[in-house]
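S.K.: Structure in structure tokens, see below.
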Ligand code: SF4
Ligand code: SF4
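Residue numbers (this note's numbering), protein chains in the order written: chain A, 1 to 395; chain B, 396 to 634.
And the structure:
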């Protein structure tokens, strides 16, 4: 390597945060509006962890007493995703609320069909925030799109008195107050903040498990300043969500060149134009990962990404493409490594890609685990019990 | 054969599928795009550098470019923007990778606004793009969750592998095998409280979101309006 190249590379390795690129701290406007009596700020309470965002601003991540803002796609089609988030929280001994008084953020539909508008989207967000505030639990957002969309909504509300007036009028009809939480927190940020506690609870050896991470666009591209970055994760040049946890768990984190590319979900495309989703997810993501990093598993932190990357591989395999790698959320992966059951908790039978070789590599006898799950299903079928409970999964 | 017309970004009539409308109508529609309060923070001109295109997934598989849209918007090229409204905007994946724009633009956001205008005005592109999608609009607006477990049917997702069939055949049993108490549903993502759904109806009606779909799918609009009005009336909620 020439000296000149060495100099360039050494510069790249030490990423300095430059204050002039720092996005404004929204908290100033948020608290100013609170002081003016325009809205209520739901504060972080109890224990919290301070993490660092893209331009170095701190973000408080509340540890317990959280209000789980669930995701339609996770609960509906990848139920082991949300179940694993709850399971980890229970395992670590943090209380939470799993509310019925919660709607979808409806942003999947908005980004797919545009059959909504700015005021409606903001009102849906604030109805959910008000519902959380009424319980005293602090919101934790499961979906990357909800998270990104809510950050956008927050920014729009903070900068537009007109929008605030419209939303206040609608909330007034519902008898709800205008509440914005002090931080909008994604579950993957909570996992990142709790990574040491999670790593201490790990019981499986992951050192031989190769992992590639797909960072979710709506997590770190929307309102880019408010996403977690860490100098110890990819030199602070990629979001540390997911990758930071993978490192803490001791798995073999591997890079690939198209990490910035989206998954191809497309919101509308995944439902009615899947040839696009399938082409993008496999040609630009899975095949590149396979060729460059040969992962045992692809981990990501959003509903749409798990869906697009997991479901796109079946049809592509028929064309003899270089695909065939399991896809799941880092919540499921972390839970399994902490001893969660792969079917009763991680619910891997809802996934399309073959996860069995991965389980074997993690030291799990998946045949025995499946047989064990079947026994529970028999009990449910015989109506000996109505539902599988948390007690049945050890938390 | 010439590969460009006099205007390099214009699709020639034989390629473009939409019908032309008078210039004044185009001015009206594009006027609505620029009237959106988000527009000033989504467009600051355009360097025409193409960085957004390099990041754009849709540009790789469609005749589509966020640069062309930002550029047309920056030049206020009403004719071209109208064609993009009818030809291009539904190809976008709404991933917002184009927020990499060094000028600070949000091409994906401009497209969201253009789509809203296409929907509100019942443009052909919106009707075509949303064909087969109406059941999703119905689901999200009426139940408060977008996708439900019972949508996982093999005939709807034949390309997703045999696991979809396993899920649909075992659906109610497998839903009962989920420890979270809110997850035992099959027709909604989770168990949404009835009072919460009513609040959502108020939001759709009060913000005009429900009326937006009148022009693209009058049938779904009628059904949804009837459901919402009836439920709100039963509960004595007046708007
Ligand atoms: S939001 Fe649309 S235009 Fe922007 S990068 Fe994504 S697909 Fe391309
Ligand atoms: S929109 Fe931005 S990134 Fe795209 S061409 Fe214009 S200046 Fe470049």
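Just so you know, even glycine gets a beta-carbon here, dropped at the ideal spot from N, CA and C.
Let me see if you follow: with CB-CB separation under 7 Å, is residue 490(B) close to chain A or not?
M.R.: Interface residue, yes.
S.K.: Check each candidate in 42(A), 128(A), 285(A) and 63(A) and name the one with the smallest Cα separation from residue 48(A).
M.R.: Residue 48(A) has its Cα closest to that of 63(A), out of 42(A), 128(A), 285(A) and 63(A).
S.K.: Going along chain B in order, which residues have a C-beta closer than 7 Å to the C-beta of residue 386(A)?
M.R.: By Cβ distance, chain B contributes 571.
S.K.: Taking any heavy atom of ligand 1 as the mark, which residues have a C-beta closer than 7 Å to it, listed down the chain?
M.R.: Checking every Cβ against the heavy atoms of ligand 1 under 7 Å gives 262(A), 447(B), 450(B), 451(B), 452(B), 453(B), 454(B), 461(B), 487(B), 488(B), 489(B), 490(B), 491(B), 492(B), 493(B), 502(B), 503(B) and 506(B).
S.K.: Spatial neighbours of residue 43(A) within its chain, please: CB distance less than 7 Å, with the 5 preceding and 5 following residues excluded, ordered by chain position.
M.R.: Closer than 7 Å at the Cβ level, and outside the excluded window around residue 43(A), lie 182.
S.K.: Given this structure, state the Cα-to-Cα distance separating residue 439(A) from residue 3(A), to the nearest angstrom.
M.R.: Residue 439(A) lies beyond the residue range present for chain A, which begins at 1 and ends at 395; the question has no answer from this structure.
S.K.: Residue 396(B) to residue 404(B), Cα distance in whole Å?
M.R.: Confidence at residue 396(B) is low in this model, with a pLDDT of 45, below 50, so the placement of that residue should be treated as unreliable; the coordinate-derived value is given next. The straight-line gap from Cα to Cα measures roughly 17 Å.
S.K.: Please find out if some non-hydrogen atom of ligand 2 comes closer than 6 Å to the beta-carbon of residue 224(A).
M.R.: Residue 224(A) Cβ: outside cutoff for every heavy atom of ligand 2.
S.K.: Threshold first: 4 residues or longer. Then list the alpha helix (DSSP H) segments lying entirely within the region 116 to 156 of chain A, N to C.
M.R.: Taking only runs of at least 4 residues, the alpha helix (DSSP H) segments lying wholly in the region 116 to 156 of chain A are 118 to 135.
S.K.: Go ahead and pull the three-state DSSP assignment for residue 5(A).
M.R.: Reduced to three states, the DSSP call for residue 5(A) is helix.
S.K.: Flag this pair as yes or no: are the beta carbons of residue 349(A) and residue 343(A) separated by less than 7 Å?
M.R.: Yes; because the gap between Cβ atoms is below 7 Å, this pair is in contact.
S.K.: Looking only at C-alpha atoms, which of 509(B), 417(B), 630(B) and 573(B) sits nearest to residue 429(B)?
M.R.: Closest option to residue 429(B), Cα to Cα, is 509(B).
S.K.: Determine whether the beta carbon atoms of residue 58(A) and residue 347(A) lie at a separation below 7 Å.
M.R.: No, the pair does not count as a contact, with Cβ atoms beyond the cut-off.
S.K.: Tell me whether residue 496(B) counts as near ligand 2, meaning its Cβ is closer than 6 Å to at least one heavy atom of that ligand.
M.R.: Yes, since a heavy atom of ligand 2 falls inside the 6 Å radius drawn around the Cβ of residue 496(B).
S.K.: Is it buried or exposed, residue 244(A), if we count other Cβ atoms within 10 angstroms and call 16 or more buried?
M.R.: Buried.
S.K.: With respect to the alpha helix (DSSP H) encompassing residue 109(A), which residues constitute its N-terminal and C-terminal limits?
M.R.: Run containing residue 109(A): 107 to 113, per the alpha helix (DSSP H) assignment.
S.K.: CB of residue 111(A) to nearest heavy atom of ligand 2: below 6 Å?
M.R.: No; taking the cut-off as 6 Å, the Cβ of residue 111(A) has no heavy atom of ligand 2 nearer than that.
S.K.: Fully enclosed by the region 271 to 326 of chain A, which beta strand (DSSP E) runs are 3 residues long or longer?
M.R.: Fully enclosed beta strand (DSSP E) runs of 3 or longer: 297 to 300.
S.K.: Below 7 Å CB to CB, which residues in the same chain sit around residue 214(A) once its five sequence neighbours on both sides are set aside?
M.R.: Same-chain partners within the cutoff: 263, 285, 298, 300, 305 and 309.
S.K.: Does ligand 2 have a heavy atom nearer than 6 Å to the CB of residue 441(B)?
M.R.: Yes - ligand 2 has a heavy atom lying nearer than 6 Å to the Cβ of residue 441(B).
S.K.: Look at residue 543(B) and residue 583(B) and say whether their C-beta atoms are less than 7 Å apart.
M.R.: Going by C-beta atoms, residue 543(B) is nearer than 7 Å to residue 583(B).
S.K.: Helix, strand or coil for residue 94(A)? Go by DSSP, reduced to three states.
M.R.: Coil at residue 94(A), not helix or strand.
S.K.: Rounded to a whole number of angstroms, what is the C-alpha to C-alpha distance between residue 15(A) and residue 503(B)?
M.R.: Low confidence applies to residue 15(A): its pLDDT is 49, below 50, so where it sits in the model is not reliable, and the reading given next is rough at best. In a straight line, the C-alpha of residue 15(A) is about 28 Å away from that of residue 503(B).
S.K.: Among all the DSSP beta bridges, which residues are the ones paired with residue 180(A)?
M.R.: Answer by DSSP bridge pairing, in chain order: 41(A).
S.K.: Between residue 614(B) and the rest of its own chain, which residues show a CB-CB distance below 7 Å, the 5 nearest in sequence each way excluded?
M.R.: Taken in chain order, the list of residues that qualify is empty.
S.K.: Which residues of chain B have a Cβ atom closer than 7 Å to the Cβ of residue 381(A), listed in chain order?
M.R.: The contacting residues are 568.
S.K.: Of all Cβ atoms in chain A, is any one closer than 7 Å to the Cβ of residue 528(B)?
M.R.: Yes, contact with chain A.
S.K.: Does the distance between the C-beta of residue 465(B) and the nearest non-hydrogen atom of ligand 2 fall short of 6 Å?
M.R.: Yes, Cβ of residue 465(B) sits closer than 6 Å to a heavy atom of ligand 2.
S.K.: Examine ligand 2 and report whether any of its heavy atoms sits within less than 6 Å of the Cβ of residue 444(B).
M.R.: At least one heavy atom of ligand 2 is nearer than 6 Å to the Cβ of residue 444(B), so yes.
S.K.: Under three-state DSSP, which class holds residue 61(A)?
M.R.: Strand.
S.K.: Helix, strand or coil for residue 362(A), going by three-state DSSP, please let me know.
M.R.: In this structure, residue 362(A) counts as coil in the three-state DSSP scheme.
S.K.: Tell me, please, whether the CB atom of residue 480(B) is closer than 7 Å to any CB atom in chain A?
M.R.: No, residue 480(B) lies away from the interface with chain A (no Cβ there is under 7 Å from its Cβ).
S.K.: The beta strand (DSSP E) that contains residue 573(B), what's its start and end?
M.R.: It is not in any beta strand (DSSP E) - residue 573(B) carries neither H nor E in the DSSP assignment.
S.K.: Using a 10 Å radius around the Cβ and a threshold of 16 neighbouring Cβ atoms, would you call residue 261(A) buried or exposed?
M.R.: Residue 261(A) should be labelled buried.
S.K.: Helix, strand or coil for residue 228(A)? Go by DSSP, reduced to three states.
M.R.: Residue 228(A) falls in the strand class under three-state DSSP.
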